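Novice:
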Amino acid sequence: MVSRRKQTTLPSEQPVRFYKFIALTFLFLTIGLLTVVVLMSSKRATINIMTKPSPVDVTADVQIGADKNSADIAGIVATTTVQLERSYQPTGSRNEPGIATGVVTMHNDSGVSQPLVATTRLLTADGALFRIKSSVTVPAKGTVENVEVYADEEGEKGSIGPSRFTVPGLNEEKQKVIYATSDTPMSGGVKTIGILSDADVERAKKEFQAAVVQEGQKALQDQHKDYDAVFSSSEVQVEVEGEVGKETSGFTLRGTGTVVGVFYKKEDVRTWADTQLEKRVISDAEIVRAGGGEPSVSFLEYQPDKHTATLRVFADGVVVLSSESKQIEKSIFFGKTKDEVRRYLLSLDHVQTVDIKFSPAWIQTVPHIHDHVTVVVKEVE
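Heads up: the sequence shown at position 376 corresponds to 376 in the UniProt record's numbering, and the numbers run straight through without jumps.
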C-alpha cells in the first residue's frame, strides 16, 4: 500500500504588507500632524510698543452762576462796595525830621478804672517817649484799642517797631498794671519831601485799586470760606488830596469801588477743564490725561443782569496712545513679518520705538492665534 502526503499552501503575504503600509502611513501622518500642532502651539509673538506723550492744552471761557440754565458751572457771584482812604509819599528828593505817630492799646489789669489826660507820657524800655493825643479812660480789667499817640521829639528816634510802654506819670505799683502796647510800627519820624508828579499819582492809584480789591476780597471771602474764588473790581472813583507840581511830604487818596467775587468749587472747574481737554483728542486711538497742577483761572467779565461771571480757564495735559486702540488690535499683526509690524507701528502717532520678539526664533511671521500674540504698550518719559 502506497501512502500519500497531502500538501497545503500558506496564504499570500501580500495583504499583510498592505495593511502594514497603511498602519505606518497613518502613524507617520499622525506624528506629522502632532508635530505641526506642537509647532503651531509653540509659536509666540510679543510686540512691545514704546509711546511718548504729546503735550496738549486748552484755554476756554466758562460761565459761573447760581442758575444752571445760564451757567456752565454752579457757583456764587457776589459784590461789595469798598470805601478807602490811604496816604502816599511822592518820589522824594530830601529827608526832613518829623513827628512819628501811631496807635497803641491801653491795658488796665487793676480793679479800678484809670483816666489818662491828653499828653500823658508813654515810655519804652529804650527811652523812646510818646504822648497820648486825646484823653482816655481805661476801664478796670479792660483795654482801649487804637489810642492815638505821637512822639515827644522829632526825628528818626520816634520811628520804632511794636513795643511795650510804661506810664511814667503813675506810681511804680500802678505802672505794673497800667501800660500800653503797640502791634504796628510808629511812622513819620523822617519825612521824605518831594515834588508831587503825575507819575506819583498814577502809581498811587494802582496801589489804591489793589488795596480796594484786597479789602473787598477779604470781606467776600469771609462769607464764602468753603469756595475757591477770583476777584475783580469796577473802576474805582478816586479823589486825590494833593496838588501836582507842589512840594509835599505826602498826599492822600480817597475812593470807592465795587469788588466782584466769583466763587466756585475747585473740583467742578477741574471736571469741566478735563472735558475740554478730551475734546482735543483726534480719534478713539488716543486718550488724554490732565496735568498734575490745577487749572489756571482768571476773571474775564461780570454780567450783573444775569448774576453770572465769565472766567477764563487754562488747563494742560498729555495725549497718549490708548492700549485699547483698534489700531493695535492683535488681528492686525497676524501673518506679518517683523519689518512689516515695525513699519506699521512707527507710522502711528505717539509711537516712539518698537521691539518685536518671536518664539521660536526661526519663525518669520506673527502667528494667527489670538492668544499667542502679546501686545504691550509702555510709556517713556
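Just so it is clear, CB atoms sit at the ideal spot from N, CA and C, and this is done for glycine as well.
This one's a predicted model, so the numbers in the text were calculated from it and none came from an experiment.
1. Roughly how many angstroms separate the alpha carbons of residue 10 and residue 370, rounded to a whole number?
2. Does the beta-carbon of residue 266 have 16 or more other beta-carbons within 10 angstroms, so that it is buried, or is it exposed?
3. Would you call the CB atoms of residue 52 and residue 350 closer than 8 Å?
4. Using DSSP's beta-bridge definition, name the partner residues of residue 76.
5. Please determine if the region 205-221 and the region 73-90 are in contact, where contact requires at least 3 C-beta pairs separated by less than 8 Å.
6. Helix, strand or coil, according to DSSP, for residue 284 in the structure here?
7. Do residue 321 and residue 348 have their CB atoms nearer than 8 Å?
8. So, are the CB atoms of residue 138 and residue 122 less than 8 Å apart?
9. Rounded to the nearest angstrom, what separates residue 380 and residue 339 at their Cα positions?
10. When you compare only the Cα positions, how much space is there between residue 199 and residue 184?
11. Please work out which residues of its chain come closer than 6 Å, Cβ to Cβ, to residue 112, disregarding the five sequence neighbours upstream and downstream, and give them in chain order.
12. Using CA coordinates, which residue listed in 212, 363, 245 is at the minimum distance from residue 194?
13. Kindly list the residues whose CB is nearer than 6 Å to the CB of residue 48, restricted to its own chain and excluding five residues on each side of it in sequence; keep chain order.
14. Please tell me whether residue 124 and residue 131 are closer than 8 Å, where the distance is taken between their beta carbons.
15. In the region 151-186, which residue ranges form an unbroken beta strand (DSSP E) of at least 3 residues, counting only runs that do not cross its ends?
16. Scan the region 67-135 and note each continuous beta strand (DSSP E) run of 3 residues or more that stays entirely inside, going in chain order.
17. Any chance you could list the alpha helix (DSSP H) runs of at least 4 consecutive residues sitting entirely within the region 343-372, in chain order?
18. Using the C-alpha atoms, what's the distance from residue 99 back to residue 189?
19. By DSSP's criteria, residue 299 is part of a beta bridge. Which residues make up the other side?
20. Can the beta-carbon of residue 357 be found closer than 8 Å to that of residue 50?
21. Look at the alpha carbon of residue 166 and the alpha carbon of residue 151, and state the distance between them as a whole number of angstroms.
22. Contact defined as beta carbons within less than 8 Å: I believe residue 359 pairs with residue 44. What is the distance between those atoms, to the nearest angstrom?
23. Who are the Cβ neighbours of residue 108 in its own chain at under 8 Å, not counting the five residues just before and after it?
24. In terms of residues, what are the limits of the alpha helix (DSSP H) holding residue 208?
25. With C-beta atoms as the reference, is residue 164 less than 8 Å away from residue 181?
26. In this structure, what does DSSP give as the bridge partners for residue 232?
27. Between which two residues does the beta strand (DSSP E) harbouring residue 59 extend?
28. Closer than 8 Å by C-beta to residue 77: which residues in its own chain qualify, once you throw out the five before and the five after it? Chain order, please.
29. Taking just the CA atoms, how far does residue 96 sit from residue 118?
30. Does DSSP put residue 290 in a helix, in a strand, or in coil?
Specialist: Judging by the given coordinates:
1. Position 10 of the sequence shown, counted from the start, is the residue given in the question as residue 10. Position 370 of the sequence shown, counted from the start, is the residue given in the question as residue 370. Model confidence at residue 10 stands at a pLDDT of 48, short of 50, so the residue's coordinates are unreliable and nothing is read from them.
2. Residue mapping note: residue 266 aligns to position 266 of the sequence shown, counting from 1. By the 10 Å Cβ count, residue 266 comes out exposed.
3. Residue mapping note: residue 52 aligns to position 52 of the sequence shown, counting from 1. Residue mapping note: residue 350 aligns to position 350 of the sequence shown, counting from 1. For residue 52 and residue 350, yes; Cβs fall inside 8 Å.
4. Reading the sequence shown from its first residue, position 76 is the one you call residue 76. In DSSP, residue 76 forms a bridge with 263.
5. yes
6. By 1-based counting over the sequence shown, the position of residue 284 is 284. Coil at residue 284, not helix or strand.
7. One-based indexing of the sequence shown puts residue 321 at position 321. One-based indexing of the sequence shown puts residue 348 at position 348. Yes; because the gap between Cβ atoms is below 8 Å, this pair is in contact.
8. For the purposes of this step, residue 138 is identified with residue 138 of the sequence shown, where counting begins at 1. For the purposes of this step, residue 122 is identified with residue 122 of the sequence shown, where counting begins at 1. Contact flag unset, no.
9. As a first step, residue 380 must be located in the sequence shown, where it is residue number 380. As a first step, residue 339 must be located in the sequence shown, where it is residue number 339. So the alpha carbons of these two residues sit roughly 22 Å apart.
10. Position 199 of the sequence shown, counting from 1, holds the residue named residue 199. Position 184 of the sequence shown, counting from 1, holds the residue named residue 184. A direct Cα-Cα distance of roughly 29 Å separates residue 199 from residue 184.
11. By 1-based counting over the sequence shown, the position of residue 112 is 112. 140, listed in sequence order.
12. Mapped onto the sequence shown, residue 194 falls at position 194. Selected option, being the one with the closest Cα: 245.
13. Counting from one through the sequence shown, the residue named residue 48 turns up at place 48. Correct list, in chain order: 355, 376.
14. Here residue 124 refers to the residue found at position 124 when the sequence shown is read from its first residue. Here residue 131 refers to the residue found at position 131 when the sequence shown is read from its first residue. In this structure, residue 131 does not lie closer than 8 Å to residue 124 by Cβ.
15. Here the runs fully enclosed are 164-166, 178-181.
16. 76-88, 94-97, 101-108, 114-116, 121-123, 129-132
17. Those alpha helix (DSSP H) runs which fall completely within the region 343-372 and span 4+ residues do not exist here.
18. Working through the sequence shown from its first residue, we reach residue 189 at position 189. Working through the sequence shown from its first residue, we reach residue 99 at position 99. If you draw a straight line from the Cα of residue 189 to the Cα of residue 99, it is about 5 Å long.
19. As a first step, residue 299 must be located in the sequence shown, where it is residue number 299. According to DSSP, which records beta bridges pairwise, residue 299 is partnered with 311.
20. Residue 357 sits at position 357 when you count from the first residue of the sequence shown. Residue 50 sits at position 50 when you count from the first residue of the sequence shown. For residue 357 and residue 50, no; Cβs fall outside 8 Å.
21. For the purposes of this step, residue 166 is taken as the residue at position 166 of the sequence shown. For the purposes of this step, residue 151 is taken as the residue at position 151 of the sequence shown. Their backbone Cα atoms lie some 14 Å apart in a straight line.
22. The sequence position of residue 359 within the sequence shown is 359, counting from 1. The sequence position of residue 44 within the sequence shown is 44, counting from 1. Indeed, because the Cβ distance is near 4 Å, the residues count as touching under 8 Å.
23. Numbered from 1 along the sequence shown, position 108 holds the residue referred to as residue 108. 114, 138, 139, 140, 141, 142, 143, 177, 178, listed in sequence order.
24. Here residue 208 corresponds to residue number 208 of the sequence shown, with the count starting at 1. Looking at the DSSP string, the run of the alpha helix (DSSP H) that includes residue 208 is 198-221.
25. Here residue 164 refers to the residue found at position 164 when the sequence shown is read from its first residue. Here residue 181 refers to the residue found at position 181 when the sequence shown is read from its first residue. Going by C-beta atoms, residue 164 is nearer than 8 Å to residue 181.
26. Taking the sequence shown and counting its residues from 1, one reaches residue 232 at position 232. For residue 232, which the question treats as bridged, DSSP gives the partners 260.
27. By 1-based counting over the sequence shown, the position of residue 59 is 59. Its beta strand (DSSP E) spans residues 54-65.
28. If you number the sequence shown from 1, residue 77 lands on position 77. Excluding sequence neighbours, residue 77 sits near 64, 65, 66, 260, 261, 262, 263, 302, 307, 308, 309.
29. As a working mapping, residue 118 is identified with position 118 in the sequence shown. As a working mapping, residue 96 is identified with position 96 in the sequence shown. Roughly 26 Å separates the two Cα atoms.
30. The sequence position of residue 290 within the sequence shown is 290, counting from 1. The answer is strand: DSSP assigns residue 290 an E or B state.
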